[in-house]
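Its first residue numbered 3, the sequence shown is counted upward by one per residue in our numbering. Just so you know, even glycine gets a beta-carbon here, dropped at the ideal spot from N, CA and C. Reviewing the structure listed below.
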Amino acid sequence: MRLLKLFQILNNIEQNRYSTSQPQEVNLAEEQRPEILLITCVDSRVVPELIFNAGPGKIFPVRNIANLVPADPAKSAASGIEYPLATMDSIQHVIILGHSNCGGMKGLTNPGIKDKVPSTASWLEKHAAGVIPRVSALPGYSDLSEREKLDLIIQTNVEMQMEKLLEYPLIKAKQKEGVTVHGWVMDVGDQVISQAYDMESKQFLSRGDAEEKILNQIARQALERVTLEHIRTALGSTGAAEEVKSLMEKLKQLKMNVEPIWPEIESSFKRYLMSHLHELYNGNEPVLLKLMDAVPQMKLANLKAIQQEVTNSAPYQNYCAGLVRQGGFLSEHRAAYASVSMATDVVTANTGSVARL
């Protein structure tokens, strides 16, 4: 699970587990198998191996002033991105890592930079020219303090570099293979990731909010799987018409959330979730307890698929056939499924026969 793998990385950063020696999984003299392609700044305070608790061969760093990405992947400056992605199947994550108090980003607002460091000025002008116009157009930007402006410039730069990177044909191809792309900002004072870019909302989230969102997504995936297995088990043990009717009523209630069946699936859900998170949590952490309180109110994204599986099942078909024989199919079926818009069988008005939609 890619989200879980990402969280494992974030968890290592949060806990600052800096070990000085780690067992090697590969012969470093013969090969390298990094899991992370890290595009970051040349700032001496940014030490990837220390931040990520990673030994030699775990991270492929691409470093330049202000962690910039060339717009044209064919340019030589993009070779550091192309090489690991094209030659190493071990890369799982591509991360653009900005950092607080970035000198390169300060240079964007310094008119005298061309006289002092002309090569750096040329580099920034070529690959970060759009950053200042974008932040300047934001409402309230002029009212921010200089520190707040710099923080926003740093974040916006990471966002814009991600936009360029995501247009690389090689990146698009690798995403289809499961490689994920992330934009983070680290605090050089605390040496931790302070902000993570959320592509869905197109904004940066704090570490705590990013953690909650990742866990929420994992929990939703687990909930859908556990619920589907629960329904399948119920169908497999169901034979009596009243039992099928009861199951249909529960499905109708699941339109809002899973609370109607939560007492039946709670233990299975917790076991399944912790089987994926046990390396990160013991189950008593506040963030997990908060998550567990919220799960019963979650909606199922795959409810339609679950409903379809029920209607295709033999117990349901037998139940419908019994209603037809008893002459009560129409009223029973409408009562059970009207609120979930699940019309899979209807009685045609002119013939009275059962038609499959």
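Environment of residue i [buried if 16+ CB atoms lie within 10 Å]
i: H184; result: buried
i: V49; result: exposed
i: T42; result: buried
i: D45; result: buried
i: D153; result: buried
i: V260; result: buried
i: G106; result: buried
i: K176; result: buried
i: L52; result: exposed
i: S147; result: exposed
i: M201; result: exposed
i: S438; result: Summary: the structure shown does not reach residue 438, with the chain confined to residues 3 through 359, and so no result is reported for it.
i: H280; result: exposed
i: L140; result: exposed
i: S124; result: exposed
i: L126; result: buried
i: L291; result: exposed
i: A130; result: buried
i: M258; result: exposed
i: E33; result: exposed
i: P113; result: exposed
Cβ separation of residue i and residue j, assumed to be a contact under 8 Å, to the nearest whole Å
i: S92; j: E179; result: Incorrect: roughly 12 Å between the Cβ atoms, too far for contact.
i: E226; j: A296; result: Actually they do not touch by this definition, with Cβ atoms about 15 Å apart.
i: N55; j: Q163; result: In fact, because the Cβ distance is near 25 Å, the residues do not count as touching under 8 Å.
i: L99; j: V64; result: That belief does not hold up - the Cβ atoms of L99 and V64 are roughly 10 Å apart, past 8 Å.
i: A224; j: L275; result: 5 Å
i: R35; j: V190; result: Actually they are not in contact, since the Cβ atoms of R35 and V190 sit about 29 Å apart, beyond 8 Å.
i: Y170; j: P75; result: 5 Å
Close-in-space but distant-in-sequence residues of the same chain around residue i (CB under 6 Å, 5 per side omitted)
i: F206; result: Q157, Q197 and Y199
i: A233; result: According to the sequence displayed, residue 233 carries Ile and not Ala. Excluding residues within five positions, the ones whose Cβ falls inside 6 Å are I308.
i: S23; result: At S23 the pLDDT is 48, less than 50, meaning the model places this residue with poor confidence; the figure from the coordinates comes in the next sentence. Excluding sequence neighbours, S23 sits near nothing in its chain.
i: V312; result: Y318
i: L217; result: L293
i: I134; result: L110
i: A80; result: P72
i: K215; result: none
Candidates the options, of which the one nearest residue i by Cα
i: F62; options: P86, A68, L70 and L52; result: P86
i: V96; options: G57, K204 and V160; result: V160
i: L325; options: E244, Y143 and L230; result: E244
i: D211; options: L30, V289 and A80; result: V289
i: T89; options: S138, I267 and L172; result: L172
i: G59; options: A31, D74, R47 and K77; result: A31
i: L167; options: T235, G82 and S315; result: G82
i: S269; options: T229, S248 and L282; result: T229
i: H101; options: A323, N286 and N66; result: N66
i: Q310; options: M250, R136 and D192; result: M250
i: G132; options: I155, R149 and E150; result: I155
Sequence-distant residues of its chain with Cβ nearer than 7 Å to residue i (five each side left out)
i: L262; result: The sequence as given places Pro at residue 262; Leu does not occur at that position. Within the same chain, P262 has close Cβ partners K252, Q255 and L256.
i: K204; result: none
i: S21; result: The predicted model places S21 with a pLDDT of 47, which falls under 50 and marks its position as unreliable, so this point remains unresolved.
i: A221; result: L275, L293 and V297
i: K108; result: L152
i: S315; result: L237
i: E266; result: H232
i: K116; result: A123
Own chain residues within Cβ distance below 8 Å of residue i, not counting five before or after
i: W264; result: V297 and P298
i: K118; result: none
i: M188; result: V48, I53, L99, G100, H101, S102, V194, I195 and S196
i: F271; result: A224, L225, V228 and V297
Within-7 Å CB hit, residue i to chain D
i: N66; result: This model lacks chain D altogether; it includes just one protein chain.
Heavy atom of the ligand PLP within 6 Å of residue i beta-carbon
i: M300; result: No copy of the ligand PLP appears in this structure; indeed no ligand is present at all.
### Message
In chain order, what are the residue ranges of uninterrupted beta strand (DSSP E) at least 3 long that sit wholly in the segment 92-135?
### Response
Scanning the segment 92-135 from its first residue to its last, the whole beta strand (DSSP E) runs of 3-plus residues come out as 95-101.
### Message
Report the start-end ranges of each alpha helix (DSSP H) in the segment 264-291 that is 4 residues or longer and not cut off at the edges.
### Response
264-279
#### Entry: Any alpha helix (DSSP H) of 4 or more consecutive residues that is wholly inside the segment 198-243
At a cut-off of 4 residues, the continuous stretches assigned as alpha helix (DSSP H) that sit fully inside the segment 198-243 are 209-238.
### Task
Please specify which runs of the alpha helix (DSSP H), each continuous and at least 4 residues long, are wholly inside the segment 133-166, giving them in chain order.
133-138
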